[in-house]
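Each position in the sequence shown, counted from 1, maps to that position plus 7 in the numbering used here. Every residue, glycine too, gets a C-beta built ideally from N, C-alpha and C.
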Amino acid sequence: MPTQKTSTTLLDTYKRKAWRPDGPTSGRCLWELHHVWGWDNVGNQPVVLQENYFSKNSVTGKKVDWYTDFYYTLLNKWPERVRNITSPDKLIFVEPIPNEVYSSPSLIVSAPDKH
8 MPTQKTSTTL LDTYKRKAWR PDGPTSGRCL WELHHVWGWD NVGNQPVVLQ
58 ENYFSKNSVT GKKVDWYTDF YYTLLNKWPE RVRNITSPDK LIFVEPIPNE
108 VYSSPSLIVS APDKH
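Have a look at this one:
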């Protein structure tokens, strides 16, 4: 059975910003600065401006494969970064993508349910 969206939950009901005012974007959303989305003042809601922004590599123009270009890259780099500031033998727990099988890097704990 493929993965499917079954519900939506608003997590930040206080509408706090994730972007720091003293950061490189001066408190503005990076994707808003890249014109991926904008604010509709009439409808008082966000609107998508570039629906396919994340489907191509902005440097090479090649189609992006999310798993190999981003997810697996993160799985391989994140543990090393965590271990550099903690302990070299620290175990990293990863929640796998539902219905996906992959080999995990060293000292990564991943136990997907197999039904």
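Comparing C-alpha distances from Trp44 to each of Asp29, Gly30, Phe61 shows the shortest one belongs to Phe61.
Residue state for Ile92 is assigned as helix, using DSSP reduced to three classes. Between the alpha carbons of Thr20 and Pro53 lies a gap of roughly 16 Å. If you ignore the 5 residues before and after Asn64, its C-beta comes within less than 7 Å of the C-beta of Val71, all in its own chain and listed in chain order. Judged by DSSP secondary structure, Trp38 falls within the alpha helix (DSSP H) whose first and last residues are 37 to 40.
Sorting Leu82, Thr67, Gly68 by C-alpha distance to the C-alpha of Tyr74 places Leu82 at the top. Of Gln57, Gly68, Pro95, Glu102, the smallest CA-CA separation from Tyr78 is found for Glu102. Per DSSP, the unbroken beta strand (DSSP E) holding Pro53 starts and ends at 52 to 55.
For Trp85, the secondary structure class from DSSP, reduced to helix, strand or coil, is helix.
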